[in-house]
Amino acid sequence: ANPALGWHMIGHLQTNKIKQALSLFAMIQSVDSLRLAKEVSRAAVEMAKAAPVLLEVNISGEKQKFGFGTEEIYTAIEAMKQLPGIRVMGLMGMAPNTEDLGQKRLAFKKLKGIFTVCKAIKQENFEMRHLSMGMSDDFETAIEEGSNMIRLGRVLFR
(Lines of atoms letter the chains of each structure in order from A and count residues from 1; the text may use other names and numbers.)
(Lines give C-alpha, C1' and ligand atoms only; values in the text may rest on other atoms or scores of the structure.)
Protein backbone atom coordinates (compact mmCIF):
# COMPACT_ATOMS: atom_id res chain seq x y z
CA ALA A 1 0.00 0.00 0.00
CA ASN A 2 1.20 3.48 -0.86
CA PRO A 3 1.29 5.60 2.32
CA ALA A 4 0.91 8.75 0.20
CA LEU A 5 -2.44 7.51 -1.11
CA GLY A 6 -5.50 7.89 1.09
CA TRP A 7 -9.14 7.20 0.30
CA HIS A 8 -11.75 9.75 1.36
CA MET A 9 -15.39 9.05 2.19
CA ILE A 10 -17.53 11.59 0.35
CA GLY A 11 -21.09 10.26 0.51
CA HIS A 12 -23.64 10.37 3.31
CA LEU A 13 -22.37 8.27 6.22
CA GLN A 14 -24.88 6.23 8.19
CA THR A 15 -24.12 5.98 11.90
CA ASN A 16 -24.07 2.16 11.83
CA LYS A 17 -21.19 2.30 9.30
CA ILE A 18 -18.91 4.70 11.18
CA LYS A 19 -16.40 2.17 12.56
CA GLN A 20 -16.09 0.56 9.15
CA ALA A 21 -15.56 3.97 7.53
CA LEU A 22 -12.93 4.94 10.12
CA SER A 23 -11.05 1.72 9.33
CA LEU A 24 -11.17 2.22 5.56
CA PHE A 25 -10.82 5.95 4.95
CA ALA A 26 -8.09 8.50 5.66
CA MET A 27 -10.73 11.24 5.90
CA ILE A 28 -14.49 11.54 6.09
CA GLN A 29 -15.49 14.52 3.93
CA SER A 30 -19.17 14.31 4.69
CA VAL A 31 -19.85 14.97 8.37
CA ASP A 32 -23.22 16.60 7.84
CA SER A 33 -24.79 16.88 11.31
CA LEU A 34 -23.82 17.38 14.93
CA ARG A 35 -25.30 13.97 15.73
CA LEU A 36 -22.97 12.33 13.18
CA ALA A 37 -19.96 14.31 14.51
CA LYS A 38 -20.70 13.05 18.03
CA GLU A 39 -20.99 9.45 16.81
CA VAL A 40 -17.74 9.70 14.81
CA SER A 41 -16.06 11.16 17.90
CA ARG A 42 -17.32 8.34 20.12
CA ALA A 43 -16.26 5.61 17.66
CA ALA A 44 -12.83 7.19 17.08
CA VAL A 45 -12.18 7.39 20.83
CA GLU A 46 -13.16 3.70 21.16
CA MET A 47 -10.73 2.89 18.34
CA ALA A 48 -8.02 5.06 19.97
CA LYS A 49 -7.66 7.32 16.95
CA ALA A 50 -8.31 10.88 15.87
CA ALA A 51 -10.56 10.97 12.80
CA PRO A 52 -9.84 13.70 10.24
CA VAL A 53 -13.15 15.08 8.95
CA LEU A 54 -14.56 17.83 6.79
CA LEU A 55 -17.88 19.42 7.68
CA GLU A 56 -20.37 19.30 4.84
CA VAL A 57 -22.24 22.56 4.38
CA ASN A 58 -25.41 22.65 2.29
CA ILE A 59 -24.51 25.66 0.14
CA SER A 60 -27.08 24.87 -2.54
CA GLY A 61 -30.06 25.15 -0.21
CA GLU A 62 -31.52 22.06 -1.91
CA LYS A 63 -33.63 20.03 0.51
CA GLN A 64 -32.45 16.69 -0.91
CA LYS A 65 -28.81 17.49 -0.14
CA PHE A 66 -27.18 16.74 3.19
CA GLY A 67 -25.13 19.17 5.22
CA PHE A 68 -25.21 21.89 7.82
CA GLY A 69 -27.23 24.96 6.95
CA THR A 70 -25.13 28.04 6.25
CA GLU A 71 -26.44 29.68 9.44
CA GLU A 72 -26.26 26.65 11.75
CA ILE A 73 -22.66 25.71 10.89
CA TYR A 74 -21.23 28.15 13.44
CA THR A 75 -23.39 26.87 16.31
CA ALA A 76 -22.50 23.30 15.39
CA ILE A 77 -18.79 24.16 15.37
CA GLU A 78 -19.09 25.60 18.89
CA ALA A 79 -20.51 22.27 20.05
CA MET A 80 -17.80 20.30 18.19
CA LYS A 81 -14.89 22.15 19.77
CA GLN A 82 -15.09 19.88 22.81
CA LEU A 83 -15.45 16.58 20.92
CA PRO A 84 -12.49 14.25 21.39
CA GLY A 85 -11.52 11.90 18.59
CA ILE A 86 -12.22 14.19 15.63
CA ARG A 87 -9.98 16.65 13.86
CA VAL A 88 -11.92 19.13 11.77
CA MET A 89 -9.69 19.71 8.75
CA GLY A 90 -12.00 21.96 6.76
CA LEU A 91 -15.28 22.28 4.91
CA MET A 92 -16.92 20.51 1.99
CA GLY A 93 -19.79 21.64 -0.18
CA MET A 94 -21.62 20.74 -3.36
CA ALA A 95 -22.88 23.29 -5.84
CA PRO A 96 -26.54 23.40 -6.85
CA ASN A 97 -27.63 20.85 -9.43
CA THR A 98 -27.81 23.26 -12.35
CA GLU A 99 -26.03 24.02 -15.62
CA ASP A 100 -25.79 27.67 -14.54
CA LEU A 101 -22.14 28.29 -13.59
CA GLY A 102 -23.13 31.69 -12.18
CA GLN A 103 -25.32 30.02 -9.55
CA LYS A 104 -22.57 27.52 -8.80
CA ARG A 105 -20.03 30.35 -8.44
CA LEU A 106 -22.29 32.10 -5.90
CA ALA A 107 -22.55 28.89 -3.87
CA PHE A 108 -18.75 28.45 -3.93
CA LYS A 109 -18.26 32.09 -2.87
CA LYS A 110 -20.63 31.50 0.06
CA LEU A 111 -18.65 28.47 1.25
CA LYS A 112 -15.34 30.29 0.81
CA GLY A 113 -16.71 33.07 3.04
CA ILE A 114 -17.70 30.57 5.74
CA PHE A 115 -14.28 28.88 5.40
CA THR A 116 -12.51 32.23 5.87
CA VAL A 117 -14.45 32.86 9.09
CA CYS A 118 -13.74 29.31 10.32
CA LYS A 119 -10.00 29.61 9.64
CA ALA A 120 -9.84 32.05 12.57
CA ILE A 121 -10.92 29.31 15.03
CA LYS A 122 -8.15 28.68 17.52
CA GLN A 123 -8.87 25.22 18.85
CA GLU A 124 -6.68 22.15 19.18
CA ASN A 125 -8.92 19.87 17.10
CA PHE A 126 -9.62 22.43 14.33
CA GLU A 127 -7.11 22.90 11.51
CA MET A 128 -9.34 24.29 8.71
CA ARG A 129 -6.85 23.41 6.00
CA HIS A 130 -9.08 22.05 3.23
CA LEU A 131 -11.88 23.66 1.24
CA SER A 132 -13.33 20.75 -0.72
CA MET A 133 -15.63 21.99 -3.46
CA GLY A 134 -15.86 21.28 -7.13
CA MET A 135 -16.65 18.12 -9.08
CA SER A 136 -16.23 17.02 -12.70
CA ASP A 137 -18.71 19.59 -14.06
CA ASP A 138 -17.59 22.63 -12.10
CA PHE A 139 -14.11 22.14 -10.65
CA GLU A 140 -12.55 24.99 -12.66
CA THR A 141 -15.07 27.46 -11.20
CA ALA A 142 -14.56 26.00 -7.72
CA ILE A 143 -10.77 26.47 -7.98
CA GLU A 144 -11.27 30.06 -9.16
CA GLU A 145 -13.36 30.62 -6.02
CA GLY A 146 -10.78 29.21 -3.62
CA SER A 147 -11.17 25.42 -3.56
CA ASN A 148 -7.98 23.60 -2.64
CA MET A 149 -9.48 20.09 -2.89
CA ILE A 150 -11.66 18.83 -5.75
CA ARG A 151 -13.60 15.61 -6.19
CA LEU A 152 -13.25 14.19 -9.69
CA GLY A 153 -14.90 11.01 -10.93
CA ARG A 154 -16.73 11.18 -14.21
CA VAL A 155 -14.07 13.31 -15.89
CA LEU A 156 -11.41 10.68 -15.06
CA PHE A 157 -13.39 7.50 -15.70
CA ARG A 158 -15.12 7.99 -19.05
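Mapped onto the numbering used here, the consecutive letters of the sequence shown carry residue numbers 15 to 172.
Glycine residues also receive a C-beta, built at the ideal position from the N, C-alpha and C atoms.
Classify residue i: buried if its beta carbon has 16 or more other beta carbons within 10 angstroms, exposed otherwise.
| i | result |
| --- | --- |
| Gly104 | buried |
| Glu85 | exposed |
| Ala62 | exposed |
| Val169 | exposed |
| Asn30 | exposed |
I'd like the list of long-range same chain contacts for residue i, defined as Cβ closer than 6 Å, with 5 residues on each side in sequence excluded.
| i | result |
| --- | --- |
| Ala93 | Leu48 |
| Lys149 | As written in the sequence, residue 149 is Met, which differs from the Lys given in the question. Correct list, in chain order: Arg165. |
| Asp46 | Glu70, Phe80, Gly81 |
| Glu173 | No statement about residue 173 is possible, as the shown extent of the chain runs from 15 to 172 and does not include it. |
| Lys124 | Ile73 |
| Cys132 | Met142 |
What's the gap between the Cα of residue i and the Cα of residue j?
| i | j | result |
| --- | --- | --- |
| Gly99 | Pro66 | 9 Å |
| Gly116 | Ala35 | 35 Å |
| Met106 | Ser146 | 5 Å |
| His26 | Ser44 | 6 Å |
| Ala18 | Phe82 | 30 Å |
| Thr130 | Ser74 | 18 Å |
| Met23 | Ile42 | 5 Å |
| Ile32 | Val59 | 12 Å |
| Glu53 | Phe171 | 33 Å |
| Lys118 | Ile128 | 16 Å |
| Ala134 | Glu141 | 10 Å |
| Gly156 | Ala51 | For the record, residue 156 in the displayed sequence is Ala; it is not Gly. One C-alpha to the other measures close to 26 Å. |
| Gln78 | Gln137 | 32 Å |
| Asp151 | Gly167 | 10 Å |
| Glu76 | Ala121 | 11 Å |
| Gln96 | Ala109 | 30 Å |
| Arg101 | Ile87 | 16 Å |
| Ala90 | Met163 | 23 Å |
| Ser55 | Gln28 | 14 Å |
| Ala57 | Ala64 | 10 Å |
| Leu68 | Asn139 | 12 Å |
Enumerate in chain order the residues of its own chain whose CB-to-CB distance from residue i is below 7 Å, with the five nearest sequence positions on each side excluded.
| i | result |
| --- | --- |
| Lys126 | Leu145, Glu159, Gly160 |
Who are the near neighbours of residue i in its chain, counting only those whose CB is closer than 8 Å to its CB and skipping five residues on each side?
| i | result |
| --- | --- |
| Trp21 | Leu38, Phe39, Ala40 |
Open item on the list: For a minimum of 4 consecutive residues, which ranges assigned as the alpha helix (DSSP H) are wholly contained in the segment 82 to 121?
Closed with: 87 to 94
Open item on the list: Within 8 Å, do at least three Cβ pairs link the segment 110 to 129 to the segment 27 to 42?
Closed with: no
Task: Complete runs of the beta strand (DSSP E) confined to the segment 46 to 72 [at least 3 residues] - done: 65 to 71
TODO: Any chance you could list the alpha helix (DSSP H) runs of at least 4 consecutive residues sitting entirely within the segment 123 to 166, in chain order?
DONE: 153 to 158
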